[in-house]
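A.B. asks:
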Amino acid sequence: MNTAISIDLQRRAVRALKRQNARAITAIVRSTPSYGTENVAPGFVALIHPDLEADVRQLTGFVPAEKYGSMTPWENELGKCEDVRYVSSTIFEPWADAGGAKGTMLSTSGTNADVYPVLFVARDAYAIVALKGMFALTPMVVNPKPSDSDPLAQRGHVGWKAMQTCVILNDSWMVRAEVAASA
Numbered sequence: 693m694n695t696a697i698s699i700d701l702q703r704r705a706v707r708a709l710k711r712q713n714a715r716a717i718t719a720i721v722r723s724t725p726s727y728g729t730e731n732v733a734p735g736f737v738a739l740i741h742p743d744l745e746a747d748v749r750q751l752t753g754f755v756p757a758e759k760y761g762s763m764t765p766w767e768n769e770l771g772k773c774e775d776v777r778y779v780s781s782t783i784f785e786p787w788a789d790a791g792g793a794k795g796t797m798l799s800t801s802g803t804n805a806d807v808y809p810v811l812f813v814a815r816d817a818y819a820i821v822a823l824k825g826m827f828a829l830t831p832m833v834v835n836p837k838p839s840d841s842d843p844l845a846q847r848g849h850v851g852w853k854a855m856q857t858c859v860i861l862n863d864s865w866m867v868r869a870e871v872a873a874s875a
């Protein structure tokens with residue numbers, strides 16, 4: 693593995709999702725009368741590492757998020773290409789030196805290319821549940837008390853524990869591709 697993301701790879705991922713009857717996450721976004729605005733068709737979402745942003749921007753047909761028109765893009769959304777909207781996050785760490793010969797790709801050691809996951813997701817592929825109710829949030833308060841290190845009782849502490857869960861609802865509605873990042 694020492695190739696960057698390509699339009700062909702994206703099309704294979706979208707084709708795999710559509711074969712499984714995966715539904716698009718987003719609805720159509722209409723453009724405005726303003727010059728240079730674009731319609732954004734319903735589509736899937738691809739989650740990428742920021743190192744891949746330059747490669748994604750070079751995909752044929754890429755439309756930057758700032759050209760969406762009156763719609764406000766998601767946080768860290770780069771733009772769209774055909775049926776896919778791209779969002780970047782550092783949570784998707786690369787696997788250091790896990791690819792083939794480095795060539796012109798990024799590499800941790802300078803020998804083999806780093807491999808980056810690209811996660812394509814469809815609607816209802818996963819769910820996040822915020823557990824609500826009396827026990828969803830547990831506040832913890834330590835009131836200040838005079839001590840040798842704090843004789844005036846000026847320092848206290850506040851913290852909390854929160855609960856939530858997430859679950860994969862349908863593995864067939866997610867595709868993971870592995871690519872390298874151009875240097």
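Heads up, the sequence shown is in this note's numbering, so the first residue is 693 and it goes up one at a time. Beta carbons are placed, not taken as given, at the ideal position from N, Cα and C, and that holds for glycine. Because the structure is a prediction, the values reported are computed rather than measured.
With distances taken from CA atoms, which of Ala-793, Met-855, Lys-794 is nearest Ala-822?
C.D. replies: Here residue 822 refers to the residue found at position 130 when the sequence shown is read from its first residue. Checking every option, the nearest Cα to that of Ala-822 belongs to Met-855.
A.B. asks: On the DSSP letters alone, give me the boundaries of the beta strand (DSSP E) that Ile-699 sits inside.
C.D. replies: Against the sequence shown, residue 699 aligns to sequence position 7. Run containing Ile-699: none in the beta strand (DSSP E); it sits in the alpha helix (DSSP H), 699 to 711.
A.B. asks: Tell me the residue span of the alpha helix (DSSP H) that contains Val-871.
C.D. replies: Sequence index remark: in the sequence shown, residue 871 carries index 179 (1-based). Counting along the chain, Val-871 falls outside any alpha helix (DSSP H), though it belongs to the beta strand (DSSP E) covering 866 to 871.
A.B. asks: To which residues of the same chain is Ala-845 closer than 7 Å at the C-beta, ignoring the five residues directly before and after it?
C.D. replies: Here residue 845 refers to the residue found at position 153 of the sequence shown. The residues are Pro-836, Lys-837, Pro-838.
A.B. asks: Excluding the five sequence neighbours on either side, which residues of its own chain have a C-beta within less than 8 Å of the C-beta of Lys-794, listed in chain order?
C.D. replies: Against the sequence shown, residue 794 aligns to sequence position 102. Around Lys-794: Asn-694, Gly-802, Thr-803, Asn-804, Ala-805.
A.B. asks: What number of angstroms, rounded off, separates the C-alpha of Leu-744 from the C-alpha of Ile-717?
C.D. replies: Taking the first residue of the sequence shown as position 1, residue 744 is located at position 52. Taking the first residue of the sequence shown as position 1, residue 717 is located at position 25. Looking at the two C-alpha atoms, the distance is approximately 22 Å.
A.B. asks: Can you tell me where the beta strand (DSSP E) with Ala-746 in it begins and where it stops?
C.D. replies: The residue given as residue 746 occupies position 54 in the sequence shown. Not the beta strand (DSSP E): Ala-746 falls in the alpha helix (DSSP H), residues 745 to 749.
A.B. asks: Quick one: give me the first and last residue of the beta strand (DSSP E) that Val-807 is part of.
C.D. replies: As a working note, residue 807 is residue 115 in the sequence shown. From DSSP, Val-807 is part of no beta strand (DSSP E); its letter is neither H nor E.
A.B. asks: When you compare the CB positions of Val-834 and Phe-812, do they come within less than 8 Å of one another, or not?
C.D. replies: If you number the sequence shown from 1, residue 834 lands on position 142. If you number the sequence shown from 1, residue 812 lands on position 120. No, these two residues do not count as a Cβ contact at 8 Å.
A.B. asks: Using 8 Å as the threshold, is the segment 707 to 716 in touch with the segment 780 to 788, meaning 3 or more CB pairs across them?
C.D. replies: As far as the Cβ criterion goes, the segment 707 to 716 does not touch the segment 780 to 788, which means the pair count is below three.
A.B. asks: Helix, strand or coil: how does DSSP classify Lys-772 here?
C.D. replies: Working through the sequence shown from its first residue, we reach residue 772 at position 80. In the structure shown, Lys-772 sits in a strand (DSSP, three-state: E or B).
A.B. asks: Do Asn-862 and Ala-817 count as a contact pair if the criterion is CB distance below 8 Å?
C.D. replies: Residue numbering aside, residue 817 sits at position 125 when the sequence shown is read from its first letter. Residue numbering aside, residue 862 sits at position 170 when the sequence shown is read from its first letter. Contact flag set, yes.
A.B. asks: Compare the C-alpha of Tyr-778 against each of Gly-792, Asp-840, Asp-842, Pro-742 and name the closest.
C.D. replies: To locate residue 778, count along the sequence shown from 1; it is residue 86. Comparing Cα positions, the closest option is Pro-742.
A.B. asks: Can you give me the Cβ contacts of Lys-853 inside the same chain, cut-off strictly under 8 Å, excluding the 5 residues immediately before and after it?
C.D. replies: Start at 1 with the first residue of the sequence shown, and residue 853 comes out as number 161. So the qualifying residues of the chain are Leu-829, Thr-830, Met-832.
A.B. asks: Measuring only the C-alpha atoms, how far is Gly-728 from Ala-814?
C.D. replies: Locating residue 728 in the sequence shown gives position 36, where the first residue counts as 1. Locating residue 814 in the sequence shown gives position 122, where the first residue counts as 1. Confidence at Gly-728 is low in this model, with a pLDDT of 49, below 50, so the placement of that residue is unreliable and no value is reported for it.
A.B. asks: The ligand NAP and Asn-713: does the residue's C-beta get closer than 7 Å to at least one heavy atom of that ligand?
C.D. replies: Among the ligands in the structure shown, none appear at all, so the ligand NAP cannot be discussed.
A.B. asks: For His-849, write down the residues that DSSP places opposite it in a beta bridge.
C.D. replies: Taking the first residue of the sequence shown as position 1, residue 849 is located at position 157. Beta-bridge pairing links His-849 to Val-834.
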